[in-house]
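K.L.:
Following this message is one structure expressed as structure tokens.
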């Protein structure tokens with residue numbers, strides 16, 4: 010049985026994939042992985058050690074020279090073959106995502122579609138790796154600027170999109186000529202292992218892609234600190250991002266971080282209300298609100314606030330919650346710890362004066378006796394200092410505040426340490442033109458819900474991260490530049 014293949018009568022056994030081979034370290038402790046909808050055990054992974062991290066880095070380092078020497082088009086052919094294999098196996102991979110992460114199966118299918126799409130876009134960049142020839146100040150001389158792969162890239166991924174986040178980093182890293190070591194989150198480790206299984210199946214050279222398992226403070230920290238890793242690309246919490254920056258500081262590693270967000274959702278008096286409500290529902294409740302670009306706080310113009318909230322609450326109340334393998338709107342939260350965290354934020358918000366418009370909260374009885382369930386909660390607040398408007402919730406809870414105009418909305422939206430995404434709904438051409446200058450966020454959605462394009466650039470400002478992913482700018486981050494002064498005089 011290959012490492013990430015689940016059978017009907019046995020849990021998944023998650024071996025590590027290092028240097029083209031599947032191995033479970035002798036005498037390794039095991040981490041149990043549960044289904045968040047049922048709390049049933051779906052498998053185990055090895056609790057990796059520093060030595061496991063070192064072995065993966067050594068394999069990637071050894072594979073790097075030959076991989077980097079291949080023409081980019083050949084590297085892209087492997088990446089495209091991996092995308093093809095993912096498409097063929099899409100239903101199994103989607104089922105695996107739902108089993109370990111909990112998102113409804115239709116959303117999991119969408120994630121697997123994005124997983125292969127990231128790879129295909131990266132492969133398209135193979136013929137777009139460019140340099141420059143610059144005029145020199147000296148006679149008989151040219152200045153050449155070239156791009157080179159960095160070396161061993163470490164990918165650290167979050168639990169909310171365990172498959173898509175892996176290939177979002179893997180694809181451009183490999184096409185650029187790097188080798189790769191992946192550590193997925195221990196709560197959702199099997200999607201990354203399943204991608205490695207397919208990489209092995211298509212014949213990706215050994216050592217080019219390695220997957221280790223374990224916990225971030227042990228395996229992740231060693232990968233970050235290892236002297237032979239050159240770039241750390243991580244998606245996760247702001248807290249974890251700070252720890253990675255500290256761990257990478259001594260070796261001056263390149264660090265690219267996509268961290269938390271607290272996206273403001275602004276609706277002005279001239280907005281198309283029904284369109285804005287639909288977008289707000291999608292942007293808040295997709296993946297049970299476990300999306301870094303989610304609608305985390307709503308600023309509603311006084312003139313339309315009552316109508317908007319009435320419609321938003323009605324749609325929130327009507328959302329179906331249940332077995333994520335069925336046709337439902339919301340599956341479970343990923344863990345009980347996450348449920349408790351959200352309940353605590355809501356309690357503090359209510360204590361600070363929030364008015365509860367829709368009381369959702371934890372579901373624990375009947376069909377919800379097992380699993381980690383939260384129903385949508387909608388509140389209204391009057392103070393922008395409320396924890397509901399300042400702290401990332403990452404779940405099906407949202408608070409609204411009324412505003413009197415564009416300038417107030419912008420000021421309140423920018424009153425945050427985060428700077429990932431923001432939303433603005435208005436039909437006023439002047440406001441539309443002003444918004445990208447007024448809102449201090451790396452990604453802005455004007456009159457639409459969330460969802461990035463592979464050719465865009467997904468980037469956070471402030472405490473939402475460093476660097477970014479996707480598009481030509483994201484791809485370029487997986488290469489370093491070299492300047493040569495060519496003198497023939």
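In the working numbering, the protein residues as written are 10 to 498. C-beta atoms are modelled at their ideal positions from N, C-alpha and C, and glycine is treated no differently.
1) When we look at the beta-carbon of residue 342 and count the other beta-carbons within 10 Å, is it buried (16 or more) or exposed?
2) Out of 331, 86, 120 and 125, state which residue places its alpha-carbon closest to the alpha-carbon of residue 97.
3) Provide the residue span of the alpha helix (DSSP H) that contains residue 431, from first to last.
4) Using C-beta distances below 7 Å, list every residue in its chain close to residue 250, excluding the 5 sequence neighbours before and after it, in chain order.
5) Could you tell me which residues DSSP pairs with residue 410 in its beta bridges?
6) Taking buried to mean at least 16 other C-beta atoms within 10 Å of its own C-beta, is residue 179 buried or exposed?
7) Are the region 185-193 and the region 481-494 touching, with three or more C-beta to C-beta distances below 8 Å?
8) Assuming the contact rule is C-beta atoms closer than 8 Å, residue 258 and residue 457 should be a hit. Round their C-beta distance to whole Å, please.
9) Our contact map puts residue 403 next to residue 429 with C-beta atoms below 8 Å; I'd like the distance itself, whole angstroms only.
10) May I have a chain-ordered list of the beta strand (DSSP E) segments no shorter than 3 residues that lie completely inside the region 357-422?
11) Residues bridged to residue 274 by DSSP?
12) With DSSP run on the structure shown, which of helix, strand or coil describes residue 268?
13) With distances taken from CA atoms, which of 411, 364, 363 and 382 is nearest residue 370?
14) Can you name the residues that DSSP bridges to residue 490?
15) Pick helix, strand or coil for residue 127, following the three-state DSSP scheme.
16) Hey, residue 189 and residue 217: beta-carbon distance below 9 Å or not?
17) Going along the chain, which residues of its own chain have a beta-carbon closer than 7 Å to the beta-carbon of residue 157, five neighbours each way excluded?
18) Once the 5 residues before and after residue 436 are set aside, which same chain residues still bring their CB inside 6 Å of it?
19) Would the beta-carbon of residue 407 fall within 9 Å of that of residue 306?
20) Do residue 460 and residue 427 have their beta-carbon atoms positioned less than 9 Å apart in this structure?
P.N.:
So, from the data block:
1) buried
2) 125
3) Note, residue 431: premise wrong, no alpha helix (DSSP H); beta strand (DSSP E) at 430-434.
4) 243, 266, 268 and 474
5) 308
6) buried
7) yes
8) About 39 Å; that fails the 8 Å criterion.
9) Not quite, the Cβ-Cβ distance comes to about 12 Å (not below 8 Å), so this is no contact.
10) 364-367, 370-372, 382-384, 386-389 and 406-412
11) 307 and 432
12) coil
13) 382
14) 156
15) helix
16) yes
17) 488, 489 and 491
18) 279
19) yes
20) no
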